[in-house]
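Numbering (this note's numbering), first residue to last: 7 to 347. Just so it is clear, CB atoms sit at the ideal spot from N, CA and C, and this is done for glycine as well. Quick caveat, the model's predicted, so the values are computed rather than measured. Following: one structure in structure tokens, then a few remarks.
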Amino acid sequence: MKQWQITDEWSFDGLKLVDVPQPEPGPGEVLLKMQAVSLNYRDYLMIGRGYGRMSGELPLVPLSDGVGEVVALGAGVEDVALGSRRLPCFIQNWFGGDLGPAGFDGALGGPLDGTAREYMNVAVASSVPVPEHFSDEEAATLCCAAITAWNALAEMPETAVDGGTVVTLGTGGVSLFALQLAKARGARVIATSSSDDKLARLRALGADETINYSKTPEWGKAVLGLTDGRGADLVVEIGGADTIAQSMRATRADGTMSLIGNVGGSVAEINLPLVFMFRKRMIGISTGSVADFQAMMAHLDDKPDFHPALDGHIYDFEGLSEALQALPKGRHFGKIVVRVG
Ligand SMILES: NC(=O)c1ccc[n+]([C@@H]2O[C@H](COP(=O)([O-])OP(=O)(O)OC[C@H]3O[C@@H](n4cnc5c(N)ncnc54)[C@H](OP(=O)(O)O)[C@@H]3O)[C@@H](O)[C@H]2O)c1
Numbered sequence: 007m008k009q010w011q012i013t014d015e016w017s018f019d020g021l022k023l024v025d026v027p028q029p030e031p032g033p034g035e036v037l038l039k040m041q042a043v044s045l046n047y048r049d050y051l052m053i054g055r056g057y058g059r060m061s062g063e064l065p066l067v068p069l070s071d072g073v074g075e076v077v078a079l080g081a082g083v084e085d086v087a088l089g090s091r092r093l094p095c096f097i098q099n100w101f102g103g104d105l106g107p108a109g110f111d112g113a114l115g116g117p118l119d120g121t122a123r124e125y126m127n128v129a130v131a132s133s134v135p136v137p138e139h140f141s142d143e144e145a146a147t148l149c150c151a152a153i154t155a156w157n158a159l160a161e162m163p164e165t166a167v168d169g170g171t172v173v174t175l176g177t178g179g180v181s182l183f184a185l186q187l188a189k190a191r192g193a194r195v196i197a198t199s200s201s202d203d204k205l206a207r208l209r210a211l212g213a214d215e216t217i218n219y220s221k222t223p224e225w226g227k228a229v230l231g232l233t234d235g236r237g238a239d240l241v242v243e244i245g246g247a248d249t250i251a252q253s254m255r256a257t258r259a260d261g262t263m264s265l266i267g268n269v270g271g272s273v274a275e276i277n278l279p280l281v282f283m284f285r286k287r288m289i290g291i292s293t294g295s296v297a298d299f300q301a302m303m304a305h306l307d308d309k310p311d312f313h314p315a316l317d318g319h320i321y322d323f324e325g326l327s328e329a330l331q332a333l334p335k336g337r338h339f340g341k342i343v344v345r346v347g
């Protein structure tokens, strides 16, 4: 079988498509024939050992997201059908409850070998079946970004009415999933982007209101204008240092900021009285557990009209390195998918 691996150096020169023996499933595992995989910005950073020690050791199979068809069962596996599709969960050893100090030690695509291979073994306990109505390409996207958005929205204040008002920032994978999942839960969504073209696409995906954050740097104030001066119930905060002040402004008293990313920098100044005087909550979100995946899949199983936003260009397996290198150019809208099977 073929697999992509970062071989002997942490760089795109070191990323190679190699031949390796096809594995056999061990006890409690199934062998997946991978059908499609999808990319996160993390995968691009991982090629350059962007997560330091947490990147793991070489050789490393990159990518955390993908879906495969079950083609063999390991000893003791009884309740999984051959031919069914399963999705390996992002952190393989986080089954539920607290994440704990081990953090991302069990994460696919670094430090554990990831999904960019024709066949992979996965423990039944660390993977979930995917709803029938998703194509392979769609199912392949339901891992890192989707579970993060799912858990970000789980922090909606209990006092929110009519599904609440959610603000999403930009058009990365987490934000698009947050928009789509929030709409599926009946929320009102205010979405931002630096591009008017992308704002039109956000509206087509269901955004109720959009703001160009380049043209309106005080977009937090604009959110107040769209919410009768009250602010949003929940902000899905991916920008970090560049956006936290506006996110704080956009969040209502007693509202929540789900802190997810740092595309605009990691070290921020925060006006603390705004947090405690108005009881605004800031909570860190770190992907999700197997139990979270099970809950998300059960929810999506009941949403046949839910289809993840995919970029128009689907790559073939040989094009995976090219696909990764397209990520920082930011020309895509929706998840970048690579077909494997
Ligand atoms: N905590 C977790 O578990 C977790 C999981 C997944 C990802 N993340 C993190 O979440 C962040 C987003 O990741 P991603 O994969 O969804 O997307 P991404 O590809 O890293 O995000 C790129 C998008 O961010 C938007 N952006 C950049 N600067 C912005 C700003 N100042 N204000 C608003 N939007 C801005 C841009 O949107 P426009 O082009 O539309 O302007 C851009 O397209 C990253 O920092 C990532 O590391 C965290």
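Residue from Gln98, Leu51, Thr293 with nearest C-alpha to Ala129: Gln98
Limits of the alpha helix (DSSP H) - the one that Tyr219 falls within: Where Tyr219 is concerned, there is no enclosing alpha helix (DSSP H), given that its DSSP letter is neither H nor E.
Ala297 versus Glu224, Trp100, Leu333, Arg191, residue with shortest Cα-Cα distance: Trp100
Distance cut-off 6 Å: Tyr57 Cβ against heavy atoms of ligand 1: no
Own chain, CB closer than 6 Å to Met398, minus 5 neighbours either side, in chain order: No answer is possible for residue 398: the residues shown for the chain start at 7 and end at 347.
Arg236 vs Arg258 beta-carbon contact at 7 Å: yes
Extent of the continuous alpha helix (DSSP H) run through Arg207: 202-210
Ser181 - containing alpha helix (DSSP H), residue span: 179-190
Integer-rounded CB distance, given that Asn218 should sit under 8 Å from Ala247: The Cβ separation is near 20 Å, so there is no contact.
Residues bridged to Met302 [DSSP beta-bridge criterion]: Bridge partners of Met302: none, in fact.
Contact belief for Gly170 with Ala193 at Cβ below 8 Å, rounded distance in angstroms: 5 Å
Option nearest Ala78 by Cα separation, candidates Pro65, Phe282, Trp16, Glu30: Glu30
Pick from Tyr47, Glu138, Ile153, Asp85 that is closest to Ala131, judged by C-alpha positions: Asp85
Buried versus exposed call for Pro314 [16 or more other C-beta atoms within 10 Å across all chains shown]: buried
Alpha-carbon to alpha-carbon, Asp234 and Thr147: 36 Å
Rounded straight-line distance, which links the Cα of Arg287 to that of Gly176: 21 Å
Proximity below 7 Å, CB of Asn157 to CB of Gly294: yes
Pair within 7 Å by beta-carbon distance, Ala190 and Phe312: yes
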